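S.K.: Input: one structure, supplied below.
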Ligand SMILES: Cc1ncc(C[n+]2csc(CCOP(=O)(O)OP(=O)(O)O)c2C)c(N)n1
Ligand code: SF4
Ligand SMILES: [Mg+2]
């Protein structure tokens, strides 16, 4: 059995007090509680502060391009079904630069755990608005405040009936670890959007702000009820629910590829008989 | 020998079924034992507009398209008006009685009497088959096989009736048209085009993952792989865009699946950041780039060799790559297989550059020697030191042993940031230099593995025609015609355009009286590359960028100018 220590204790370049530390702790706990060993796990990410996560855990890692974590994770998922894949990046990466991939991942319901560090700002590039920044959020790039309406990832995910739609908060580590553990066990796409204070560049959505503007979802919410989940997410705020918002039942995308039942593509070789048949179709 | 081959041109509007006739006729010719070389010229629309399907056919191997016409199958008046001028002596036109043939020798068929209007193309097919001397049974079988997939038995039967009516009617007419000479006895051949052969080559070499976003003229590469994906255990995915396609392929390649993408100019432009990622993360990737004229959307369905420089310089930063440029349909097969293997060996982006002409050009091809293709074996079979494994270990060759994630206890870390040997991001500038040097060392390996340019003709040719990629046959055709006039003409063809080594060709260039570079673009991109690499300035350029393939006649006309 793997332990927390197996996932390493790696020094980071994050600012002291950044919500990312707690998210990392929750990920480690979820992995250990899921009985996963580092070599069974693949972390895929894009670029940003959040996207450095694969470097701060001991496991397999593919740290790709800004916005392109999801397609890379999709490719890896469809090449090796035995890897447990977490795609982890920021709100800018997943909802901005990679927005088209987010929509496509939801439509496919690709079997991945997608953890989005939602700090409502671009951290790495020092504080420009992100797709989830609130209206009026003032930055050097948006000196008069953000005019666009914030992207609503949870409602969009519910709308597409992703397998799991959840929201966590870096201030609630145990709760978040529970969400990630459930996500890891879910076939299909499991989205865990995590509120994460960026202490350096988001002076609006602070730890205290998130404390004040979130509440834990109670047992009265039926996560299998699509209408209820839509209702819950369609008009966000002033308080945001934390927990599992929706559990869908669409098949995971990988189940459409029978070849994956035979394990990793890397070890499947070429069926010479089948190949000859294919060539003979051109005769 | 030239007189033994015929050029058949089928012209009409999109939607008139001209590709159906073209493909069935081509297939019947191949089945009968003839060689073919198809050139498709179509407009970027699904209905209307003037399109042609040109089949050059004869008993002997055909290497290049030609411009004249021996048998014009005109499905509309425009086809007559546009192509009557290209008719050779002894040529024949097949047209409905309602069309005006003018002075052209015309077999006017009463289409309406022979079959209902919707079978008009089948009537034309029957007439053409009859004139060419193909057997009725053969053409009927090929038509049924073609329609069988998509039509009801009833419709197939009606087509057969139309075919027979036209075939018999034509047989009773006297024309001056000389049917094809008998074929040279040989074993069965494949009828296959460049796109299909490229896909088949990659599949034979062990392709396991393909991602694409539809774009003419590359789409059929993906469609070929998809058609056989289940049988061969390949994962194919239509991505949400080209950026997704290349990043998916890289994720799959990292996980160990031999992977490729296929696209054309604009789509490839979107992939460029991913090409750079392949270079930095050192993941194997085959990129098939089927060129069409640009800039921007350009001429979507026409041909050009305009993206050599794009492929050569695509992606920010500096990293090694190789670029293949098949000259024939057979090359599409063998170079795709080679490129997939080279991608695995050198762990980075490897290109295969084709163009619309070759992509869509059907040929009669000897069955491929599948046994000769060694399938790619991705990654390390076993990892000696799992605990100490470092994905980017510094080596003399620059190639680091590649473990695959999840297939051992070794942790495999692949990174787009500058990284340490174990794959983690670093800003240590000495490490940066060591890593950049390591990656660039791989160029020496790619250079050592390069394919040499091929030379034909006398060593001391007075004229050396040089080209790359799909123009090979036309270079040969032009050289043959000039040689027949008593001139000493040679051909030099590059089926790999990067990396280049001057020692492979400069001496021969120096011995030739005149070196002429023939390229399907407006600026002479290979000529410029050779000059950049070797300082050698090609004396004369023959360029074509009107969207049509380079023909021997085109080269001769330009030389005569
Ligand atoms: C193609 C490309 N465009 C822009 C950038 C610059 N860039 C790096 S990270 C980032 C935004 C990061 O924001 P987010 O994804 O929210 O991550 P955070 O740093 O907030 O965790 C940007 C714009 C880049 N690396 N690549
Ligand atoms: S900039 Fe913000 S998100 Fe980035 S490490 Fe610092 S606090 Fe965290
Ligand atoms: Mg952010």
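Residue numbers (the working numbering), protein chains in the order written: chain A, 1 to 283; chain B, 1001 to 1561. Note that the Cβ used here is the ideal one computed from N, Cα and C, for glycine as well. Please read these numbers as outputs of a predicted model, since none were measured by experiment.
For the stretch 262–279 of chain A against the stretch 184–191 of chain A, do three or more pairs of beta-carbon atoms, one drawn from each stretch, fall closer than 8 angstroms, so that the two count as touching?
M.R.: no
S.K.: Quick check: what's the CA-CA separation for residue 178 of chain A versus residue 1296 of chain B?
M.R.: 49 angstroms
S.K.: Could you check whether residue 1348 of chain B and residue 1282 of chain B sit closer than 8 angstroms to each other, using their CB atoms as the reference points?
M.R.: yes
S.K.: Mind checking residue 1498 of chain B: buried by the 16 CB within 10 Å criterion, or exposed?
M.R.: buried
S.K.: Take residue 1290 of chain B and list the residues in its own chain whose beta-carbon comes closer than 6 angstroms to its own, dropping the five residues that flank it on each side.
M.R.: 1217, 1218, 1264, 1354 and 1359
S.K.: Taking a Cβ distance cut-off of 8 angstroms, strictly less, list which residues of the stretch 1341–1353 of chain B are near chain A, in chain order.
M.R.: none
S.K.: Taking a cut-off of 5 angstroms, which residues have a beta-carbon closer than that to any heavy atom of ligand 2, in chain order?
M.R.: A:14, A:15, A:18, A:49, A:123, A:198, A:199 and A:200
S.K.: Taking 8 angstroms as the limit between beta carbons, can you name the residues of its chain near residue 1416 of chain B, skipping five residues before and five after?
M.R.: Once the five neighbours on either side are set aside, the close Cβ partners of residue 1416 of chain B are 1277, 1280 and 1281.
S.K.: On a CA-only basis, which of A:118, A:76, A:125 and A:62 is nearest residue 19 of chain A? Give me that one, please.
M.R.: Out of A:118, A:76, A:125 and A:62, the CA that lies nearest to the CA of residue 19 of chain A is found in A:118.
S.K.: Just the C-alpha distance for residue 1002 of chain B and residue 1179 of chain B, rounded to the nearest angstrom, thanks.
M.R.: Below a pLDDT of 50, predicted positions are generally treated as unreliable, and residue 1002 of chain B, at 44, falls in that range; the measurement from the model is reported next regardless. Going by C-alpha positions, residue 1002 of chain B is about 15 angstroms away from residue 1179 of chain B.
S.K.: Run down chain B in chain order and give the residues with a C-beta less than 8 angstroms from the C-beta of residue 59 of chain A.
M.R.: 1411
S.K.: Under 8 angstroms, Cβ to Cβ, is there at least one residue of chain B near residue 117 of chain A?
M.R.: At least 8 angstroms separates the CB of residue 117 of chain A from every CB of chain B.
S.K.: According to DSSP, simplified to helix, strand and coil, what is residue 147 of chain A?
M.R.: coil
S.K.: Between residue 1443 of chain B and residue 1449 of chain B, what straight-line distance do the alpha-carbon atoms span, to the nearest angstrom?
M.R.: Cα atoms of residue 1443 of chain B and residue 1449 of chain B: separation of roughly 10 angstroms, rounded to the nearest angstrom.
S.K.: Would residue 171 of chain A pass as a contact of residue 98 of chain A if the rule is Cβ separation under 8 angstroms?
M.R.: no
S.K.: Using a Cβ-Cβ cutoff of 8 angstroms, what residues of the stretch 1262–1295 of chain B are near chain A? List them in chain order.
M.R.: 1273, 1274, 1277 and 1281
S.K.: Going by CA-CA distance only, name the one from B:1069, B:1076 and B:1100 that's closest to residue 1087 of chain B.
M.R.: B:1069
S.K.: Would you say residue 1029 of chain B lies against chain A (beta-carbon separation less than 8 angstroms)?
M.R.: No Cβ of chain A is located within less than 8 angstroms of the beta carbon of residue 1029 of chain B.
S.K.: Pull up the CB-CB distance for residue 202 of chain A and residue 121 of chain A, whole angstroms please, since I reckon it's below 8 angstroms.
M.R.: 4 angstroms
S.K.: Under a Cβ-count criterion, where at least 16 other Cβ atoms within 10 Å of its own Cβ denotes burial, should residue 256 of chain A be classed as buried or exposed?
M.R.: exposed
S.K.: How about residue 1170 of chain B and residue 1196 of chain B: are their beta carbons less than 8 angstroms apart?
M.R.: no
S.K.: Against chain A, which members of the stretch 1364–1395 of chain B pass a CB distance test of less than 7 angstroms?
M.R.: 1367, 1368, 1370, 1375, 1378 and 1379
S.K.: Is residue 1254 of chain B helix, strand or coil by DSSP?
M.R.: helix
S.K.: If you run the structure through DSSP and keep just helix, strand and coil, what is residue 1093 of chain B?
M.R.: strand
S.K.: Is any heavy atom of ligand 3 found at a distance shorter than 7 angstroms from the C-beta of residue 33 of chain A?
M.R.: no
S.K.: Return yes when the Cβ of residue 1553 of chain B is within less than 8 angstroms of the Cβ of residue 1305 of chain B, no when it is not.
M.R.: no
S.K.: Could you check which residue in B:1188, B:1128 and B:1141 has the C-alpha nearest to that of residue 1011 of chain B?
M.R.: B:1128
S.K.: So, is the C-beta of residue 1256 of chain B closer than 8 angstroms to a C-beta in chain A?
M.R.: yes
S.K.: Run the CB neighbour count on residue 1240 of chain B, radius 10 Å, all protein chains shown included, and call it buried at 16 or more, exposed below.
M.R.: With 16 or more Cβ atoms within 10 Å of its Cβ, residue 1240 of chain B is classed as buried.
S.K.: Shorter than 8 angstroms from the beta carbon of residue 201 of chain A to some beta carbon of chain B?
M.R.: For residue 201 of chain A, no Cβ of chain B is located within less than 8 angstroms of the residue's own Cβ.
S.K.: Thinking residue 8 of chain A and residue 44 of chain A are a contact (beta carbons under 8 angstroms), I'd like their distance in whole angstroms, please.
M.R.: So it is not a contact: roughly 18 angstroms between Cβ atoms.
S.K.: Quick one: is the Cβ of residue 127 of chain A within less than 7 angstroms of any heavy atom of ligand 3?
M.R.: no
S.K.: For residue 1117 of chain B, tell me which candidate among B:1131, B:1130, B:1149 and B:1075 has the shortest Cα-Cα distance.
M.R.: B:1075
S.K.: Taking the alpha-carbon of residue 1393 of chain B as reference, which of B:1478, B:1435 and B:1005 has the nearest alpha-carbon?
M.R.: The shortest C-alpha to C-alpha distance from residue 1393 of chain B to any of B:1478, B:1435 and B:1005 is the one to B:1435.
S.K.: Taking just the CA atoms, how far does residue 112 of chain A sit from residue 1014 of chain B?
M.R.: 44 angstroms
S.K.: Can you say whether residue 1079 of chain B is buried or exposed, counting buried as having 16 or more other CB atoms within 10 angstroms of its CB?
M.R.: Result: buried.
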